[in-house]
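**Student:** Mind looking over this structure? Questions follow.
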Amino acid sequence: MAQYHLNEAAYWSSFAAVFQLHDERRLRRFEELYARDIPNLDQKFSFLVSELAKARQEVAEFTKEGGDALVEIGKEVAILTFQVEEDASRHKAFVKKSAEEKADLEAKLHNKDTTIVDLRESNMRLQASVDRVPVLEDDVKRLKEQVRELEEAKAQMYTAEQCQDKYWEGILGARGMFAKNMPDFKWAEHADRDDAAKEREEADKEQQARKVASEGDTTAGASPRATSQGPVSQLRPISLCNVVYKCASKCLVNRLKPSLDALIDEPQHAFIPGRYMSDNILLSHDILHFLNGRKATGPNIAAVKIDMSKAYDRIHWGFLLRALKAYGFPSTWIQLIYQCISKVSFKVLINGRTSTSFKPRCGLRQGDPLSPYLFLFCMDILGRMLTLGQDIKLFQGIKLARQAPQITHLFFADDAMIFFQATETSCTNVGGIIDRYCRISGQQLNLAKSFVKFSPNTSLSQQQNYKSILRMPKVTQFGKHFGVPADCMVSKRLHFNYLIDKVAELITSWNGALLSQTQKIVLINSVIVAMVSHVMMCLEIPISVLNKIDSMIATFFWAKKGKKGMHWVRRDILHLPRGMGGLGIRRVSTLNSVFLMKQVWRMHQNPQLLISRVHLAKGKFALTTGKPNNLLGRVSWGMRGLRRAENVLLQGCAWKVGNGDSIKAGRHKWVNGRVPIFGSHIRLTDAKSWKVSHFIKSDHLSWDAEVVRNSFDNMDAKAIMSLELPTRTIMDQLYWTKHKTGHFTTKSGYAFLREAEINQDSLTGLGQHRFVPFFKLLWALKILPKWKLFIWKIMVDGLPVKKALERRGISLNTSCDLCIDVCEDAQHIFRLCSLAQEMWRSSMLGIFSNFNENLSIKDWILNYIRLFNSVDGKGSDRIVTFIAILWGLWNTRNTRVFRSENGDIQACNIHVKLAREQHLAFTGKSNENLGFLHPPEQLSGYPPGFDFANIGLEIPTTYGSVIYVDGSWNKITLRAGMGWVLQQSNADSRILGGCDYGLGQSALHVEAMACLRALQWAKESTLPNRVLYTDSAILVSYMQRRIIPEVNVRWTVQAIFEIV
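So in my numbering, spot 351 of the sequence shown is number 355, and the numbers just go up one at a time.
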């Protein structure tokens, strides 16, 4: 009877939801009836039908007096009555059929001398599993909090850029942007609504909730999935909710998000903070690899992919409310959710016209920010039903390793994959669970997108039998999972070639546009690279595919008007960071490794994740052992890529000393990211076996100075003595040396790999190392982007001058058109040409460009820009004039060569003037009347940044004890000292304290230690209401948890938190 037990529960929740909102008296009577010990479902249905009949009669009598509210109750009661009668008839048929099946089963088992399984025990286990649903307890108070801050509500408003579809900007985005920028007195109308609700009586709260939900009028439109015409099923619905309702809905979402991780089971990876789609893809990839490897022995494996048809639109409200109640949500919150999902009216946009409004009876709006999170609870019920089915041995899940957790399903919103050992019984039970969930939730399988795949050791006859039981088509290839080829069986290149086609298609669509090279750089990094990043975050892509994509990107950058252009600079230089002489175009092969390193780092930092536990069962992380991992055995393509990335990641990591038991002093990097040097008298064979704990005193609080000085080189001994140690026993930790916080970031990882890939030849191609600081200055200048690219081309010999064309094998006259007998190169065009010399002398700069002709054009430009920047700053007008003249000379040369125009000084001055006007327009200085675009700051009489500064010593009177701390550190000797002053509000005298700390690692480390020692001293002195003052702004940010502490003060900051 478990099947109808679940239907009954959904029923009672629907009944309770209706009368809880409309009729408290009848709800209490209903609860009394429900609490009775009614022996069977037939009698319960009889009671329910009688109660509904009484409710319908009362509604009919008082409809005229009650108005619209009673009319709504009448509709809902009528729906419930219909459902009760229909379900009661199904129940009777089910009871009859179950009795016949049970008798038949008992006869068969009796004939085979088989023990009959006690079905009551299974029912008890079913109820026990339902009781294991996590209950919301600690966060109830936060859920009930009202929106009291005006800025919290305003922050939820949409802007035009946040619209999901550009076609609806005028309907949704403009209104949202207007509302967000409304003056505060306009917002008071909505803000006072919450304040007024606090002062009203308890009976008015329901009416207030209806007012909020009434803002949820929705306009539904549809945009085509393809350009050609097709049926309505090929249209993508777009729900345009009211902006004010979206604001309220997002406030609810912000209160719900922190509780999702504890409530929703770990196989669900959608919309939950800390869980990512990449985990779902990697797990499914590993499971499919495990399935494909079952070719001879072992149990048969099945992988089922199910897709729900119109998943959001079919959800039963009663089922959702019952689920929320089971998870422990407060009744007020459930009531508010019911108002949000039920008090909805739709209008449909058809050919630009709006239909009449209508109200739905089920489903969740896809345009509602709350809908995805409510849908998670519905899918979690299916997940727990599958977990329960495994617990009571209805089917068996899959384990990828001996110590790995058993996996039965993976969810991403409504996309579900189910894995089990394929037998006739398991297929029947899995299909039954899915059908049962669909009946109680209102969902319906989309058979066109649902299918099953079996392991190769499953015979064809078994496959046909199993797929007929599951009523799904069978496939031999899963294809792409969220756009990623998760089922890789043959050549990996064949699976990833579609990325090349996508990039080629995108580039071809841009060939018709007249894009400058500066625009192309933006498109490459923000569109092309981002388009393949989704795949690169999950799996390692074959290097041949990545190199082809890099080649296509370079070709696109140099192409002109859809035709292949000449590559004037090597591709390796284009991929260099801008500060090192490149253009910062991302190299996808390097970026693929960085993304995998990021995935490995996240798995190492979060060992509780499902993906972490699965991979840890296959072998320990290199970041845990400190040793590179060897790729042994048959591992999946995804695992192989992660292990390679992990070995690379380990090269950039070092140890943070905790208790010192895991660190080998002579092999591991633990002193400022390197291996320390032992003294000359130390035998290396002995030193290699020493651990860092050998140099820490037995109390684990300080270094053994004598042992450290006798064992290491003098400089390294000082560095070791300056390292911080934790105040309690903590395990050693690996940290990323390329970022000050010790945490891996994509930017630092990419710079680390590019630094390793860049050899000396790449830098010599730019000239000399002295140009590297100039490139950093160039890209920081406040000038036109095309000017920066122009100067960069001069510095890397990337301009198509005649001499460069001759080097490329092009036959032409290399002489300057003005100077006749002189070869045209960059030096001649910008310095030594007669036009250039006259232009520089007549300009406001008054430069004699022919002075010191032996100086190269690169050094000449570098010297002048550095000079102007050092004197005037980055906003120097002389830098603008200098680059404008270079730009004018180049444009004059081009018009003379390609248009046969007169390239005299007048033409050059016109180009320079036009260039300066473009620069002024770019910087917003061309018209002073446009100042409203950059309104001046509202100053209160203080200089900028000094509004809250207080020069001198201030003695607060609102606190009991105030401690002023400060630290001192010598960068050369590493010596450190600290002191503090205690000022109490009830005393005139001050108490001084301090100590000689010894050696410190940095000024921030010493300042943090000063705060820690002062707090420890105050705690021992039992001072009340302690307030600490420090002059380190970054340390205050650490204490306020605004930013992550640096790795060299991690233990100290942690100890401060433990005290306060």
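Note that the Cβ used here is the ideal one computed from N, Cα and C, for glycine as well.
Which two residues bound the contiguous beta strand (DSSP E) that contains A306?
**Tutor:** Looking up residue 306 in the sequence shown gives position 302. Unbroken beta strand (DSSP E) run through A306: 305 to 311.
**Student:** Report, in whole angstroms, the separation of the C-beta atoms of F379 and Y316, which I expect to be a contact under 8 Å.
**Tutor:** For the purposes of this step, residue 379 is identified with residue 375 of the sequence shown, where counting begins at 1. For the purposes of this step, residue 316 is identified with residue 312 of the sequence shown, where counting begins at 1. That belief holds up - the Cβ atoms of F379 and Y316 are roughly 6 Å apart, short of 8 Å.
**Student:** In chain order, what residues of the same chain lie with their CB nearer than 8 Å to the CB of T594, ignoring the 5 residues before and after it?
**Tutor:** By 1-based counting over the sequence shown, the position of residue 594 is 590. Hits under 8 Å: H579, Y754, L757, R758, E761.
**Student:** Taking only runs that begin and end inside the stretch 347 to 394, name each unbroken beta strand (DSSP E) of 3 or more residues, in chain order.
**Tutor:** Qualifying beta strand (DSSP E) stretches, in chain order: 350 to 354.
**Student:** Taking 8 Å as the cut-off, does the stretch 613 to 620 touch the stretch 570 to 586 (at least 3 CB pairs, one atom from each stretch)?
**Tutor:** No: the two stretches stay apart, fewer than three of their Cβ pairs being nearer than 8 Å.
**Student:** With DSSP run on the structure shown, which of helix, strand or coil describes L653?
**Tutor:** Counting from one through the sequence shown, the residue named residue 653 turns up at place 649. The answer is helix: DSSP assigns L653 an H, G or I state.
**Student:** In angstroms, rounded to a whole number, what distance separates the CA positions of F682 and S726?
**Tutor:** Indexing the sequence shown from 1 puts residue 682 at position 678. Indexing the sequence shown from 1 puts residue 726 at position 722. Taking the straight line from one Cα to the other gives about 17 Å.
**Student:** Using the Cβ count rule (16 or more neighbours within 10 Å means buried), how would you classify A200?
**Tutor:** Within the sequence shown, the letter at position 196 stands for residue 200. Reliability fails at A200, whose pLDDT of 44 lies under 50, so the model's placement of it is uncertain and the value that follows must be treated cautiously. Under this definition A200 is an exposed residue.
**Student:** For S972, does the three-state DSSP call read helix, strand or coil?
**Tutor:** In the sequence shown, residue 972 corresponds to position 968, counting from 1. S972: strand per DSSP, three-state reduction.
**Student:** In the DSSP output, which residue or residues are listed as bridge partners for L1019?
**Tutor:** In the sequence shown, residue 1019 corresponds to position 1015, counting from 1. Paired residue(s): none; L1019 is not in a bridge.
**Student:** Tell me, to the nearest whole angstrom, how far the beta carbon of F362 is from that of F350; I am working on the premise that it is less than 8 Å.
**Tutor:** Reading the sequence shown from its first residue, position 358 is the one you call residue 362. Reading the sequence shown from its first residue, position 346 is the one you call residue 350. That belief holds up - the Cβ atoms of F362 and F350 are roughly 6 Å apart, short of 8 Å.
**Student:** The alpha helix (DSSP H) with Y754 in it runs from where to where?
**Tutor:** For the purposes of this step, residue 754 is identified with residue 750 of the sequence shown, where counting begins at 1. Where Y754 is concerned, the enclosing alpha helix (DSSP H) stretches over 750 to 761.
**Student:** How many angstroms separate the CA atom of F625 from the CA atom of F294?
**Tutor:** Here residue 625 refers to the residue found at position 621 when the sequence shown is read from its first residue. Here residue 294 refers to the residue found at position 290 when the sequence shown is read from its first residue. One C-alpha to the other measures close to 20 Å.
**Student:** Given a threshold of 16 other Cβ atoms within 10 Å of its Cβ, counted over all protein chains shown, does D439 qualify as buried or as exposed?
**Tutor:** Within the sequence shown, residue 439 is the residue found at index 435, counting from 1. Exposed, since its Cβ has fewer than 16 Cβ neighbours within 10 Å.
**Student:** Where do the N-terminal and C-terminal ends of the beta strand (DSSP E) with G998 fall, by residue?
**Tutor:** The residue given as residue 998 occupies position 994 in the sequence shown. That run of the beta strand (DSSP E) goes 994 to 1003.
**Student:** May I have the straight-line CA-CA distance separating L527 from K568, to the nearest angstrom?
**Tutor:** The count along the sequence shown starts at 1 and reaches residue 527 at position 523. The count along the sequence shown starts at 1 and reaches residue 568 at position 564. Rounded to the nearest angstrom, the two C-alpha atoms are 18 Å apart.
**Student:** Which residues does DSSP list as the beta-bridge partners of H485?
**Tutor:** Residue mapping note: residue 485 aligns to position 481 of the sequence shown, counting from 1. BP columns for H485 point to V488.
**Student:** Please specify which runs of the alpha helix (DSSP H), each continuous and at least 4 residues long, are wholly inside the stretch 442 to 483, giving them in chain order.
**Tutor:** Whole alpha helix (DSSP H) segments, 4+ residues: 464 to 474.
**Student:** Are the CB atoms of M799 and C912 within a distance shorter than 7 Å?
**Tutor:** Within the sequence shown, the letter at position 908 stands for residue 912. Within the sequence shown, the letter at position 795 stands for residue 799. Going by C-beta atoms, C912 is not nearer than 7 Å to M799.
**Student:** Three or more C-beta pairs closer than 8 Å, one from the stretch 415 to 428 and one from the stretch 303 to 319: is that the case here?
**Tutor:** At 8 Å Cβ cutoff, the stretches touch.
**Student:** If I follow the unbroken beta strand (DSSP E) through F560, where does it start and stop?
**Tutor:** Position 556 of the sequence shown holds residue 560. That residue, F560, is in no beta strand (DSSP E); its alpha helix (DSSP H) goes 547 to 562.
**Student:** I need the DSSP call for Q987, collapsed to helix, strand or coil.
**Tutor:** Sequence index remark: in the sequence shown, residue 987 carries index 983 (1-based). Of the three classes helix, strand and coil, the one that applies to Q987 here is strand, per DSSP.
**Student:** Answer yes or no: do R1071 and V533 have a C-beta to C-beta separation smaller than 7 Å?
**Tutor:** No statement about residue 1071 is possible, as the shown extent of the chain runs from 5 to 1064 and does not include it.
**Student:** Check this for me: beta carbons of F872 and S880, under 7 Å apart or not?
**Tutor:** Taking the sequence shown and counting its residues from 1, one reaches residue 872 at position 868. Taking the sequence shown and counting its residues from 1, one reaches residue 880 at position 876. Closer than 7 Å, so yes.
**Student:** Could you name the residues that DSSP lists as bridge partners for K979?
**Tutor:** Taking the sequence shown and counting its residues from 1, one reaches residue 979 at position 975. Looking at the sequence provided, one finds Arg at residue 979 rather than Lys. L1003, per the DSSP bridge assignment.
**Student:** Beta-carbon separation of L260 and Y377 under 7 Å?
**Tutor:** By one-based count along the sequence shown, residue 260 stands at place 256. By one-based count along the sequence shown, residue 377 stands at place 373. Closer than 7 Å, so yes.
**Student:** Less than 7 Å between the beta carbons of F1 and G401, yes or no?
**Tutor:** One cannot answer for residue 1 here, as it falls past the ends of the chain, which runs 5 to 1064.
**Student:** Which residue or residues does DSSP assign as beta-bridge partners of F424?
**Tutor:** As a first step, residue 424 must be located in the sequence shown, where it is residue number 420. In DSSP, F424 forms a bridge with A306.
**Student:** Please determine, among H413, G677, H685, R732, the residue with the shortest C-alpha to C-alpha distance to K701.
**Tutor:** Here residue 701 refers to the residue found at position 697 when the sequence shown is read from its first residue. Looking at the Cα atoms, R732 is the closest of the given residues.
**Student:** If you draw a straight line from the C-alpha of I795 to the C-alpha of R774, how long is it?
**Tutor:** Looking up residue 795 in the sequence shown gives position 791. Looking up residue 774 in the sequence shown gives position 770. Rounded to the nearest angstrom, the two C-alpha atoms are 16 Å apart.
**Student:** CB-CB under 8 Å to T896, same chain, minus the five flanking residues each way: which ones, in chain order?
**Tutor:** Translated into the one-based positions of the sequence shown, residue 896 becomes position 892. For T896, where only same-chain residues beyond five positions count, the Cβ hits under 8 Å are L839, G907, A911, C912, H915.
**Student:** Give me whichever residues DSSP pairs with I967 in a beta bridge.
**Tutor:** Here residue 967 refers to the residue found at position 963 of the sequence shown. Per DSSP, L986, L1032.
**Student:** Go to W740, then tell me how far its alpha helix (DSSP H) extends in each direction, as first and last residue.
**Tutor:** In the sequence shown, the residue the question calls residue 740 occupies position 736. Run containing W740: none in the alpha helix (DSSP H); it sits in the beta strand (DSSP E), 737 to 740.
**Student:** On the DSSP letters alone, give me the boundaries of the alpha helix (DSSP H) that H923 sits inside.
**Tutor:** In the sequence shown, the residue the question calls residue 923 occupies position 919. That run of the alpha helix (DSSP H) goes 909 to 927.
**Student:** When we look at the beta-carbon of E1024 and count the other beta-carbons within 10 Å, is it buried (16 or more) or exposed?
**Tutor:** As a first step, residue 1024 is located in the sequence shown; it is residue number 1020 there, counting from the start. E1024 is exposed by the Cβ-count criterion.
**Student:** Short check: CB of R298 to CB of S465, under 7 Å?
**Tutor:** Translated into positions along the sequence shown, residue 298 becomes position 294. Translated into positions along the sequence shown, residue 465 becomes position 461. Not closer than 7 Å, so no.
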